[in-house]
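The structure appears below as structure tokens.
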Amino acid sequence: MQHDSWTKYLHDHPDREFILDGVCFGFSIVDSPDNLTHVECENYKSTESFRVQVEEQIIHEIREGNYRVADVKPEIVSALGAIPKSATKIRLIHDASQPPGTSLNNLVHSDCSCSYMDLREASKYISKGCYLAKVDLSAAYRSVPLHPSNFTAVGLKWTFTGDQNPTYLYDTKLPFGFCKSPQIFQKLSSAVCWILWKFFRFRAIAYLDDFLLIADTYSECYSALTCLLKLLRELGFAINWNKLVCPAQELVFLGVLINSVEMTFSLPEDKMCSFSELLTNFALKKRATRGQLETLLGQLTWASQVICGSRAFLRRIIGLKSSVVKQSHKVLLSSDFLADIHWWLTFMRVFNGTCSIRDNRPITSIQTDACREGVAGYFSGDYYYLNWCIDCPAFYDLHINIKEFIAILLSICRWYQSFSDKLVIIYSDNKSAVSWINKGTSHNSFVMSMCRLLFWICAFNNCSLYAVYYPDGLVQELNQKVARLIKKAWANSTVSTYKTHLRCYQSFCALTNMCELPANSLQLQLYIVYLANVKHLRYNSIIQYLNIVPHIHKLAGYPNPLPGDYRIELLLRGLKRELGVAQTPVAAITPQMLLAIKHCLNFNLLLDTAFWCACLIAFYVMLRPANVTVKGIFNPDFDLQQIDLLPCSWGFLLCLRKTKTIQFRERQLEVILPRINNALCPVMALQKLKLLNPAEDPFSPLIVVAQGRALTYSVFSSKLQYFFR
Numbered sequence: 001m002q003h004d005s006w007t008k009y010l011h012d013h014p015d016r017e018f019i020l021d022g023v024c025f026g027f028s029i030v031d032s033p034d035n036l037t038h039v040e041c042e043n044y045k046s047t048e049s050f051r052v053q054v055e056e057q058i059i060h061e062i063r064e065g066n067y068r069v070a071d072v073k074p075e076i077v078s079a080l081g082a083i084p085k086s087a088t089k090i091r092l093i094h095d096a097s098q099p100p101g102t103s104l105n106n107l108v109h110s111d112c113s114c115s116y117m118d119l120r121e122a123s124k125y126i127s128k129g130c131y132l133a134k135v136d137l138s139a140a141y142r143s144v145p146l147h148p149s150n151f152t153a154v155g156l157k158w159t160f161t162g163d164q165n166p167t168y169l170y171d172t173k174l175p176f177g178f179c180k181s182p183q184i185f186q187k188l189s190s191a192v193c194w195i196l197w198k199f200f201r202f203r204a205i206a207y208l209d210d211f212l213l214i215a216d217t218y219s220e221c222y223s224a225l226t227c228l229l230k231l232l233r234e235l236g237f238a239i240n241w242n243k244l245v246c247p248a249q250e251l252v253f254l255g256v257l258i259n260s261v262e263m264t265f266s267l268p269e270d271k272m273c274s275f276s277e278l279l280t281n282f283a284l285k286k287r288a289t290r291g292q293l294e295t296l297l298g299q300l301t302w303a304s305q306v307i308c309g310s311r312a313f314l315r316r317i318i319g320l321k322s323s324v325v326k327q328s329h330k331v332l333l334s335s336d337f338l339a340d341i342h343w344w345l346t347f348m349r350v351f352n353g354t355c356s357i358r359d360n361r362p363i364t365s366i367q368t369d370a371c372r373e374g375v376a377g378y379f380s381g382d383y384y385y386l387n388w389c390i391d392c393p394a395f396y397d398l399h400i401n402i403k404e405f406i407a408i409l410l411s412i413c414r415w416y417q418s419f420s421d422k423l424v425i426i427y428s429d430n431k432s433a434v435s436w437i438n439k440g441t442s443h444n445s446f447v448m449s450m451c452r453l454l455f456w457i458c459a460f461n462n463c464s465l466y467a468v469y470y471p472d473g474l475v476q477e478l479n480q481k482v483a484r485l486i487k488k489a490w491a492n493s494t495v496s497t498y499k500t501h502l503r504c505y506q507s508f509c510a511l512t513n514m515c516e517l518p519a520n521s522l523q524l525q526l527y528i529v530y531l532a533n534v535k536h537l538r539y540n541s542i543i544q545y546l547n548i549v550p551h552i553h554k555l556a557g558y559p560n561p562l563p564g565d566y567r568i569e570l571l572l573r574g575l576k577r578e579l580g581v582a583q584t585p586v587a588a589i590t591p592q593m594l595l596a597i598k599h600c601l602n603f604n605l606l607l608d609t610a611f612w613c614a615c616l617i618a619f620y621v622m623l624r625p626a627n628v629t630v631k632g633i634f635n636p637d638f639d640l641q642q643i644d645l646l647p648c649s650w651g652f653l654l655c656l657r658k659t660k661t662i663q664f665r666e667r668q669l670e671v672i673l674p675r676i677n678n679a680l681c682p683v684m685a686l687q688k689l690k691l692l693n694p695a696e697d698p699f700s701p702l703i704v705v706a707q708g709r710a711l712t713y714s715v716f717s718s719k720l721q722y723f724f725r
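Those letters in the sequence shown? Residues 1 to 725, per full-length UniProt numbering, in order.
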């Protein structure tokens, strides 16, 4: 591996020190290489079954410098095994798990787990019609050096043809069979993906030595492929040119067919047949060896890449496999194990092998809760409620943990159609319910039966389910804050307008007996005609009223139904021709109008004086009525206060914290209200207001109609309309 190239690219990578140290000096697969106990294991019978291929590969490894003949017998000599890759090739495995307790893997105490980039990661970046390419490395592990301190722990032996005694060797490269090997190599391949994005802006994912490239166009994907090949060779990896797949919209990655045009993952038919046959054989077994369980586990892991919720049924198989020490040892298959196999068999009978690539935007708006008396759930305007005593008396005495889980199960059962091809995140204040969902297992047989039902629904609807724990009450508190902050996203005037538009849409849906969400094309066409012919709105108003449709769809997690609908485009174009787009502008307030209003006011009354002050401030500063009045309750953060009006040499200085162009308090607007020798002098009007209402609190409303009560928008509008009748 090329240390200089790795150094050039990894200057700010999170694993920089680990990778560069390993590339330069070799990676360590043993935590304490100085404390070794002598172990020597005999090779497996498979090496004799494939003796010719094994010996050829050992000689090849010696020539490549990967194996070296040991001058002194290594402390640990692991057993060699041979796994056929094809008719003529085998993969050599070092069994580092034997003998139990003193094996090489027993010398590893640090965490060996790692996060693989699989199809779940790929689905985040695959878009409709995108192009894919695949690169496979040749002898990938054999590119990675081991630290010399580990050499005495990675011994092996082989009796060459014609020899009487075995030759002892040690490995200098990362071998198959060591528990830390996958973690080390995944960090290297993930770093390659990081470099490709950081320096070249090409997207790739890597599962050990398999790389998948994803790009929007053919040319971009081809450039990414060329760049990745050059980068891999520069870093010191060898390419398996026979497995290289050029840019296409359909290819097989990790044994799964990806189609970006149809946006689907598919399991090849021949593999599905052999998989179903394997499940059938296991359903009839009473015992199985560790090797048979490993074969089953590999097949289930492959299928679970595509089948949602099925990973939950791997845990018991993994646990059962781990309880068996040797490959040939058998273990009794438990009833839970056989129930899981039955789940797989039943589902495979109805599964056609293809599922849609899931939408990674999560649905998080499901709310559920349970108590001793009942259970309820809410999602997107719909809800359910059950009283345990009346509706489900058999569940009345169940533990609250189980009732909380039932609440989630009932929600999935009720709204499963809305969750198809989606990621659903459930928030719960019950740790047990969260654990049962995420692990897919429980010691309680009743809960386990419900788990199987829950994940059957998820698998059948291609819905991925994940639970998050929140302490009691926190979810409700956060939901309230979410609702409040979302409401604050729009100005008060916009909220008021949207409420009007929403009421209109809801009335239409009620009249036509149609669901509000999600709306289809025909429904929206009818709504547009309803706005024109029943509500008698102009074209520009119809466009404004339609704006509420994408808002409520997006808030509920549905796509915007308006863009790209050709019939709606034609309908709006026809309306535009029929109704026209001419608008009648509202007449501006003139000084003559203000003088006419002043003539009708009684300035001994606080209400009339406050109204007059609001008119003059809005006139001179060119403000909207909403900027000088209060909508509902006085809000000191935005509404005008006494402290906002300061005397100056020209008259008054008015400070505005919120206007049409200042929505987020990012700045303040300071304007002069001039003192003029005229009947429309704003300074004289404000001084009169202060005489009638001498306010001592600087944070009280500026324009008041009674003690501490601000002039409201509705009062101002009513009074203004009165003068223009």
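Ideal Cβ placement from N, Cα and C applies to all residues, glycine included.
Buried/exposed call for Ile-317, threshold 16 Cβ in 10 Å | Against the sequence shown, residue 317 aligns to sequence position 317. Using a 10 angstroms sphere on the CB of Ile-317, the tally of other CB atoms reaches 16 or more, which defines it as buried.
Can you tell which of Gln-305, Ser-445, Asn-281, Glu-373 has its C-alpha closest to the C-alpha of Leu-333?
-> Within the sequence shown, residue 333 is the residue found at index 333, counting from 1. Looking at the Cα atoms, Asn-281 is the closest of the given residues.
Hey, out of Lys-85, Gly-708, Arg-311, Phe-185, whose CA is closest to Asn-635's CA?
-> Reading the sequence shown from its first residue, position 635 is the one you call residue 635. When each option's Cα is compared against that of Asn-635, the closest is Gly-708.
N-terminal and C-terminal residue of the alpha helix (DSSP H) that Thr-364 is part of = Here residue 364 is taken as the residue at index 364 of the sequence shown, counted from 1. That residue, Thr-364, is in no alpha helix (DSSP H); it is neither H nor E in DSSP.
In or out: Pro-74 buried (at least 16 other Cβ within 10 Å) or exposed?
-> Within the sequence shown, numbered from 1, the residue matching residue 74 stands at position 74. So Pro-74 ends up on the buried side.
To the nearest angstrom, report how far apart Val-144 and Cys-458 are at their CA atoms.
-> The residue you call residue 144 lines up with position 144 of the sequence shown. The residue you call residue 458 lines up with position 458 of the sequence shown. In a straight line, the C-alpha of Val-144 is about 41 Å away from that of Cys-458.
Which residues mark the beginning and the end of the alpha helix (DSSP H) in which Arg-51 is found?
-> Mapped onto the sequence shown, residue 51 falls at position 51. Run containing Arg-51: 51-63, per the alpha helix (DSSP H) assignment.
Starting from the C-beta of Glu-670, find all residues in its chain whose C-beta is less than 8 Å away, skip the five residues before and the five after it, and write them out in chain order.
-> One-based indexing of the sequence shown puts residue 670 at position 670. If we look at Glu-670 and ignore the five residues flanking it on each side, its Cβ neighbours are Leu-653, Leu-654, Cys-655, Leu-656.
Starting from Phe-27, trace the beta strand (DSSP E) both ways and give me its first and last residue.
-> The residue you call residue 27 lines up with position 27 of the sequence shown. Careful: Phe-27 lies outside any beta strand (DSSP E) and carries neither H nor E.
May I ask you to list the residues that DSSP assigns as paired with Lys-330?
-> The residue given as residue 330 occupies position 330 in the sequence shown. DSSP, once it has assigned bridges, lists Thr-289 as partnering Lys-330.
Reference Leu-605; option with closest CA among Lys-688, Leu-410, Asn-462 | Translated into the one-based positions of the sequence shown, residue 605 becomes position 605. With distances taken between Cα atoms, Leu-605 lies closest to Lys-688.
Taking the beta strand (DSSP E) that Lys-422 falls in, what are its first and last residues?
-> By 1-based counting over the sequence shown, the position of residue 422 is 422. Residues 422-428.
Which of helix, strand or coil does DSSP assign to Leu-671?
-> If you number the sequence shown from 1, residue 671 lands on position 671. Checking the displayed sequence, the identity of residue 671 turns out to be Val instead of Leu. Strand, per DSSP.
Can you name the start and end residues of the alpha helix (DSSP H) that Asp-4 belongs to?
-> Within the sequence shown, numbered from 1, the residue matching residue 4 stands at position 4. Note, Asp-4: alpha helix (DSSP H), 3-9.
Taking buried to mean at least 16 other C-beta atoms within 10 Å of its own C-beta, is Met-622 buried or exposed?
-> Taking the sequence shown and counting its residues from 1, the one referred to as residue 622 is at position 622. Looking at its Cβ environment, which holds fewer than 16 other Cβ atoms inside 10 Å, Met-622 is exposed.
Helix or strand or just coil, what does DSSP make of Ser-418?
-> Working through the sequence shown from its first residue, we reach residue 418 at position 418. Three-state DSSP puts Ser-418 in a helix.
Taking three-plus beta-carbon pairs below 8 Å as touching, is the stretch 168-178 in contact with the stretch 189-203?
-> No: the two stretches stay apart, fewer than three of their Cβ pairs being nearer than 8 Å.
Residue interval of the alpha helix (DSSP H) (run including Leu-254) | Working through the sequence shown from its first residue, we reach residue 254 at position 254. Leu-254 -> no alpha helix (DSSP H), and no H or E assigned at all.
Kindly indicate which residue of Tyr-722, Ala-695, Asp-12, Asn-461 has the alpha-carbon position closest to the one of Val-350.
-> Here residue 350 refers to the residue found at position 350 of the sequence shown. The option with the nearest alpha carbon to Val-350 is Asn-461.
Sorted by chain position, which residues of the same chain lie with C-beta nearer than 8 Å to Gln-668's C-beta, five sequence neighbours on each side aside?
-> Here residue 668 is taken as the residue at index 668 of the sequence shown, counted from 1. Annotation for Gln-668: Cys-655, Leu-656, Arg-657, Ile-662 place their beta carbon closer than 8 Å to its own, counting only its chain and skipping 5 residues before and after.
From which residue to which residue does the alpha helix (DSSP H) around Asp-270 run?
-> The residue labelled residue 270 in the question sits at position 270 within the sequence shown. Here the alpha helix (DSSP H) through Asp-270 covers 269-283.
Cα-Cα separation between Gly-236 and Asp-136, rounded to whole angstroms = On the sequence shown, residue 236 is found 236 positions in, with the first residue counted as 1. On the sequence shown, residue 136 is found 136 positions in, with the first residue counted as 1. In a straight line, the C-alpha of Gly-236 is about 14 Å away from that of Asp-136.
Contacting residues, own chain, Cβ-Cβ under 8 Å from Leu-575 (five flanking each side not counted) = As a working mapping, residue 575 is identified with position 575 in the sequence shown. Same-chain partners within the cutoff: Ile-528, Ala-532, Tyr-539, Ile-542.
Indicate the three-state DSSP secondary structure (helix, strand or coil) for Ser-97 in the structure shown.
-> Reading the sequence shown from its first residue, position 97 is the one you call residue 97. In the structure shown, Ser-97 sits in coil (DSSP, three-state: anything other than H, G, I, E or B).
Is Tyr-545 helix, strand or coil when you go by DSSP?
-> As a working note, residue 545 is residue 545 in the sequence shown. Tyr-545 falls in the helix class under three-state DSSP.
Distance, Asp-429 Cα to Val-683 Cα = Within the sequence shown, the letter at position 683 stands for residue 683. Within the sequence shown, the letter at position 429 stands for residue 429. The straight-line gap from Cα to Cα measures roughly 59 Å.
Segment contact, 8 Å Cβ cut-off, at least three pairs: the stretch 437-450 with the stretch 380-387 | no
Can you tell me where the alpha helix (DSSP H) with Leu-645 in it begins and where it stops?
-> Position 645 of the sequence shown holds residue 645. Careful: Leu-645 lies outside any alpha helix (DSSP H), inside the beta strand (DSSP E) at 645-648.
Out of Ser-714, Pro-698, Pro-694, point me to the one whose CA is closest to Ala-706's CA.
-> As a working mapping, residue 706 is identified with position 706 in the sequence shown. Minimum Cα distance to Ala-706 is reached at Pro-694.
Buried or exposed by the 16-neighbour rule on C-beta atoms within 10 Å, applied to Trp-612 = In the sequence shown, the residue the question calls residue 612 occupies position 612. Classification for Trp-612: buried.
If Asp-209 and Ala-288 are in contact, beta carbons under 8 Å, what's the gap, nearest whole angstrom?
-> Stepping through the sequence shown from its first residue, residue 209 is reached at position 209. Stepping through the sequence shown from its first residue, residue 288 is reached at position 288. Contact doesn't hold; Cβ gap of about 30 Å is too wide.
Could you pull out every residue in the same chain whose Cβ sits closer than 6 Å to the Cβ of Gly-557, ignoring the five residues on either side in sequence?
-> Numbered from its first residue, the sequence shown carries residue 557 at position 557. Answer for Gly-557: Ile-363, listed in chain order.
Given a cut-off of 8 Å, decide if Leu-228 and Phe-211 are closer than it, judged by their beta-carbon atoms.
-> Position 211 of the sequence shown, counted from the start, is the residue given in the question as residue 211. Position 228 of the sequence shown, counted from the start, is the residue given in the question as residue 228. A contact, by the Cβ cut-off of 8 Å.
Name, in chain order, the residues that DSSP records as bridge partners for Val-39.
-> Here the question's residue 39 lines up with position 39 in the sequence shown. The partner list for Val-39 (beta bridge, DSSP) reads Ile-76.
Whole-angstrom Cβ separation of residue 729 and Ile-76, contact assumed at under 8 Å?
-> Nothing in the structure corresponds to residue 729, since the chain is present only between 1 and 725.
Any idea if Gln-417 is buried or exposed, counting beta-carbon neighbours within 10 angstroms, 16 or more meaning buried?
-> Translated into the one-based positions of the sequence shown, residue 417 becomes position 417. It is exposed - the Cβ of Gln-417 has fewer than 16 other Cβ atoms within 10 Å.
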